[in-house]
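Under our numbering, the first residue of the sequence shown carries the number 1297, and numbering increases by one thereafter.
Ideal placement from N, C-alpha and C gives every residue a C-beta, glycine not left out.
Owing to the predicted nature of the structure, the values given are computational and were not obtained by experimental measurement.
Here the structure is laid out as structure tokens; the discussion comes afterwards.
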Amino acid sequence: MKRVLITVCGRAGSKGFRNKNLKVFCGEPLVYYTLSAAGMFCSQRPDLGVDVALNTDSPELRELVAARYPEVVSIPRPEELCGDTVPKMAVFQQTLAEMERRTGVPYDYLIDLDITSPIRRAQDVAGAFAAAEAREDLDLVFSVAEARRNPYFNMVKVVGDHVEKVIESPYTARQQAPAIYDLNASIYVFRRNFLANNHTGILWDGKCGIYEMFDSGILDIDSEADYRLMEVIAGHLYDTMPEFAAIRQQIRR
1297 MKRVLITVCG RAGSKGFRNK NLKVFCGEPL VYYTLSAAGM FCSQRPDLGV DVALNTDSPE
1357 LRELVAARYP EVVSIPRPEE LCGDTVPKMA VFQQTLAEME RRTGVPYDYL IDLDITSPIR
1417 RAQDVAGAFA AAEAREDLDL VFSVAEARRN PYFNMVKVVG DHVEKVIESP YTARQQAPAI
1477 YDLNASIYVF RRNFLANNHT GILWDGKCGI YEMFDSGILD IDSEADYRLM EVIAGHLYDT
1537 MPEFAAIRQQ IRR
């Protein structure tokens, strides 16, 4: 049986949006949407051995998770991993090492689900994992959404006293340009050995693949404006698209 560790990581406080990981989103604590997505993945893949771990330095977040998801293992985040410039891969590595120490058995994959990207479809986590599982040559798969702007066609940069296209190209229509995607940080699927042996904190050290999410997947919460906009969009999606509503409906009450 393949073993999978799902990580949910959240620091205390936030310079961009204070205590964003503790916010209530569309009537439920933000972190519960991510935990609901993790639970749905477990239900969809009963052939896997899955553990879920919360990595945080926030007592409030720890208590919030334990109140409804007591099976989630809490991993204290050390002070040296709490800074603004700490690579998130270092947090994944700490969680992986600690969970393997506690269980005594190595994992095959680590899936990270971002707290501040609550707008997922029921199939997204399973889809990203399947993309990683299908390609043994890939070190990681991360979620993306199609970019609304394309540097080959409709993005510009300032050059002296004028602007030019970011990438010089002959394209006269966006459809002619290469497909471009925005990384959205919602889902990362790492092969265990690549993650454990990385020493730079740089994703691009590995061979990467993508899983494309619905257009709204580009959104995450990093400011008050993001939060208000996403609540409006999420409310519409929950009312009109069952694959989005399923995540919210499966939150434990």
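- Do Ile1407 and Val1421 come within 8 Å of each other at the CB atom, strictly closer than that value? yes
- Message: Suppose you measure from the CA of Ile1506 to the CA of Gly1423; what does that come to, to the nearest Å?
- Response: 10 Å
- Message: Contact between the region 1313-1326 and the region 1512-1527 is defined here as three or more beta-carbon pairs at a separation below 8 Å; is this criterion met?
- Response: yes
- Task: Just the C-alpha distance for Ile1476 and Asp1501, rounded to the nearest angstrom, thanks.
- Result: 20 Å
- Helix, strand or coil for Tyr1329, going by three-state DSSP, please let me know. helix
- Query: Nearest to Val1452 by CA position, among Phe1337, Val1440 and Ser1465, is which residue?
  - Reply: Ser1465
- Contact belief for Met1385 with Asn1494 at Cβ below 8 Å, rounded distance in angstroms: 6 Å
- Query: Residues in its own chain within less than 7 Å of Phe1490 by CB, not counting five upstream and five downstream?
  - Reply: Asp1435, Leu1436 and Gly1502
- Task: Could you tell me whether the region 1341-1352 touches the region 1301-1308, using the rule of 3 or more Cβ pairs below 8 Å?
- Result: yes
- Item | With 16 other Cβ atoms within 10 Å as the buried cut-off, status of Ile1374 | According to the sequence displayed, residue 1374 carries Pro and not Ile. With fewer than 16 Cβ atoms within 10 Å of its Cβ, Pro1374 is classed as exposed.
- Message: For Arg1307 and Leu1357, I'd like the C-alpha separation in whole angstroms.
- Response: 9 Å
- Between which two residues does the beta strand (DSSP E) harbouring Tyr1403 extend? Where Tyr1403 is concerned, there is no enclosing beta strand (DSSP E), given that its DSSP letter is neither H nor E.
- To the nearest angstrom, report how far apart Arg1398 and Thr1536 are at their CA atoms. 43 Å
- Task: For the beta strand (DSSP E) containing Val1485, list its first residue and its last residue.
- Result: Taken as a continuous stretch (DSSP letters only), the beta strand (DSSP E) holding Val1485 covers Tyr1477 to Arg1487.
- Option in Cys1305, Arg1470 and Glu1508 with minimal Cα separation from Ile1411: Comparing Cα-Cα distances from Ile1411 to each of Cys1305, Arg1470 and Glu1508, the minimum goes to Cys1305.
- Item | Exposure label - Met1297; buried when at least 16 CB within 10 Å | exposed
- Message: By the three-class DSSP mapping on this structure, what secondary structure does Ala1426 have?
- Response: helix
- Message: Taking the beta carbon of Gln1389 as the centre, do at least 16 other beta carbons fall within 10 Å, making it buried, or is it exposed?
- Response: buried
- Candidates Arg1470, Ser1439, Glu1442 and Ala1443: closest to Phe1449 by CA position: Arg1470
- Name the DSSP bridge partner or partners of Glu1508? Val1440
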